[in-house]
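In the working numbering, the protein residues as written are 754 to 1264. The beta-carbon is built from N, C-alpha and C at its ideal position, and this holds for glycine as well. This one's a predicted model, so the numbers in the text were calculated from it and none came from an experiment. Worksheet for the structure shown next.
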């Protein structure tokens, strides 16, 4: 089964994944805009709180199993017999379904207490509906985002996600036609229907694939999966890291502000965070996570070359900031106009909140890559150690949120993300190798961003979607042109580029 992760298979999977993910991200963006425009402000604040609890519940109930599947499913596919792969995959499903069910029951039972503690307006019903959604959507993500992606069944994964988004659009539109259902609870029922359809589609595709390869022989007959105790140890490290990261994550910030200040701050802060989440879905580190994580781990498993692993990681990080910086420039210059346009005039004040969330995403991209490197090298315990050392972050967030010092709040978040990556990468070093961030390249990116901001600021503000799209186009073109002219990559990263790209005059001018 070694051909499953060949260059041709990777390229085919990237095409399928990119096409499907692009359509799904656009559909998710339409859903986001529709919800922000249709839900009353108090109900929108309830929805933000309920969805934050759902995301927190998924992390608490995951026990780091997403990294167990990411690391060991590709290895089993490459080396083990088909019946071994089948057994292992369904065991992963059973373990995670059980923990998700327990977590959903706990959230359902605690819903009235959480409603009172967060001082939201009668959100108990919404919290309970989203507890059910948490179980169904959680199991759906196990099939869709973990197993189908690790097996490079990207067409199936994206089809499952598209079923969810289309169903969500239809139900949300239908539910919101009735004023009595224009609530967070009504939206939760739409989410439940959408997640159920997606789960069923993903389960059918996974079952068919595993049945087809059940009798495949092992490419390495002597290879064995590690014991579950060892795999759980790797998952435990990831889970502890996730728990600590959760304490300064966006979900916790939303709930903290809800508790301290109320819905008047939760709605615009939540709107900007949700908009940043839509941006995150298009980031290469998230948009292509299933491909990137599988590719980095599978290729390192084959060649064991630390320098190549570092160069590939560097290229992925630069791809992320090449996407993010033009948007960050655009939001700094025209953020109020963008927020007003997307929210129907409701949340124009979310401008600088959005700048803060996007700034966090820039360093978060490297955080995600740091996790991949640690797990690829079999040293996942370093991620939990770094995260535990940063558990002082929530106390700082509490102090600045209570005082409503928003600039300091985002500064704390950015600093925590930088400190996390720095600690893990320093601890990963060996006598023969140490990860190096190419600072000259990053300086060139910053210079290109400054040039872009000046040009975008010079464009006359006429308002409307056409003018905003034009400014966005200018921001991307100028940023990308600047990066090419400045050649913002290292020689090692250039060597990892496909040969056709290396032949471009602006790429090979260094030689």
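Assuming the contact rule is C-beta atoms closer than 8 Å, residue i and residue j should be a hit. Round their C-beta distance to whole Å, please.
i, j, result
"residue 789", "residue 879", "Not confirmed; about 16 Å, so no contact."
"residue 906", "residue 845", "With 8 Å as the limit, residue 906 and residue 845 do not qualify as a contact, their Cβ atoms being about 15 Å apart."
"residue 1135", "residue 1062", "At roughly 16 Å, the Cβ-Cβ gap does not stay under 8 Å, so residue 1135 and residue 1062 are not in contact."
"residue 793", "residue 935", "7 Å"
"residue 981", "residue 815", "Not a contact, Cβ separation roughly 16 Å."
"residue 1218", "residue 1094", "6 Å"
"residue 893", "residue 955", "6 Å"
"residue 1144", "residue 997", "5 Å"
"residue 1069", "residue 1028", "Residue 1069 to residue 1028, Cβ: 24 Å. No contact."
"residue 825", "residue 978", "6 Å"
Leaving out five residues on either side along the sequence, give the residues of the same chain with a beta carbon under 6 Å from the beta carbon of residue i.
i, result
"residue 938", "878, 879, 882"
"residue 1241", "1194, 1197, 1198"
"residue 873", "799, 802"
"residue 854", "888"
"residue 1245", "1064"
"residue 1138", "none"
"residue 1264", "Any reading at residue 1264 needs caution, since the residue's pLDDT is 46, under 50, leaving its predicted position unreliable; the model's value is listed next. Taken in chain order, the list of residues that qualify is empty."
"residue 1116", "1167, 1170, 1171"
Excluding sequence positions up to five away, which residues of its chain have a Cβ less than 8 Å from the Cβ of residue i?
i, result
"residue 1032", "1077, 1080, 1111, 1114"
"residue 1087", "1209, 1214, 1221, 1224"
"residue 1165", "1001, 1146, 1149, 1150, 1153"
"residue 1262", "Low per-residue confidence applies at residue 1262: pLDDT is 48, beneath 50, and the placement is therefore not dependable enough to give any value."
"residue 1007", "801, 802, 805, 1019, 1022, 1023, 1026"
Can you list, in chain order, the residues of its chain whose CB lies under 7 Å from that of residue i, leaving out five sequence neighbours each side?
i, result
"residue 777", "911, 914, 915, 918"
"residue 943", "921, 924, 925, 928"
"residue 1181", "1126, 1127, 1130, 1132, 1135, 1188"
"residue 1021", "1100, 1102, 1103, 1106"
"residue 1084", "1091, 1107, 1108, 1111"
"residue 1202", "1078, 1082, 1232"
"residue 1172", "1143"
"residue 976", "832, 833"
What residue range does the alpha helix (DSSP H) around residue i cover?
i, result
"residue 897", "Neither: residue 897 is in no alpha helix (DSSP H) and is coded neither H nor E."
"residue 1128", "1104 to 1129"
"residue 1144", "Element bounds for residue 1144: n/a, residue is neither H nor E."
"residue 1012", "1003 to 1013"
"residue 835", "835 to 870"
"residue 1157", "Taken as a continuous stretch (DSSP letters only), residue 1157 belongs to no alpha helix (DSSP H), as it is neither H nor E."
"residue 1223", "1218 to 1239"
"residue 825", "818 to 832"
"residue 806", "794 to 815"
Could you tell me if the beta carbon of residue i falls within a distance shorter than 7 Å of some heavy atom in the ligand ADP?
i, result
"residue 826", "In the structure on display, the ligand ADP does not appear, and there are no ligands present to speak of."
_I want to know whether the segment 1010 to 1025 touches the segment 794 to 812 - three or more CB-CB distances under 8 Å._
The segment 1010 to 1025 makes contact with the segment 794 to 812: 3 or more CB pairs, one atom from each, lie closer than 8 Å.
*Completely contained alpha helix (DSSP H) runs for the segment 1045 to 1099, where each covers 4 or more residues*: 1059 to 1096
_Contiguous beta strand (DSSP E) assignments of at least 3 residues, all confined to the segment 1170 to 1213_ = none
*Note down, one range per segment and in chain order, each beta strand (DSSP E) of at least 3 residues found wholly within the segment 928 to 981.*
none
*Do three or more CB pairs link the segment 1046 to 1065 to the segment 1091 to 1107 at distances below 8 Å?*
no
*Evaluate the contact criterion for the segment 883 to 902 versus the segment 807 to 817: three or more CB pairs, one atom per stretch, below 8 Å.*
yes
*Say whether the segment 827 to 838 touches the segment 962 to 979, bearing in mind that this needs 3 or more beta-carbon pairs closer than 8 Å, one atom from each stretch.*
yes
*Could you give the uninterrupted runs of the alpha helix (DSSP H) lying entirely in the segment 1017 to 1041, keeping only those of 4 residues or more?*
1037 to 1040
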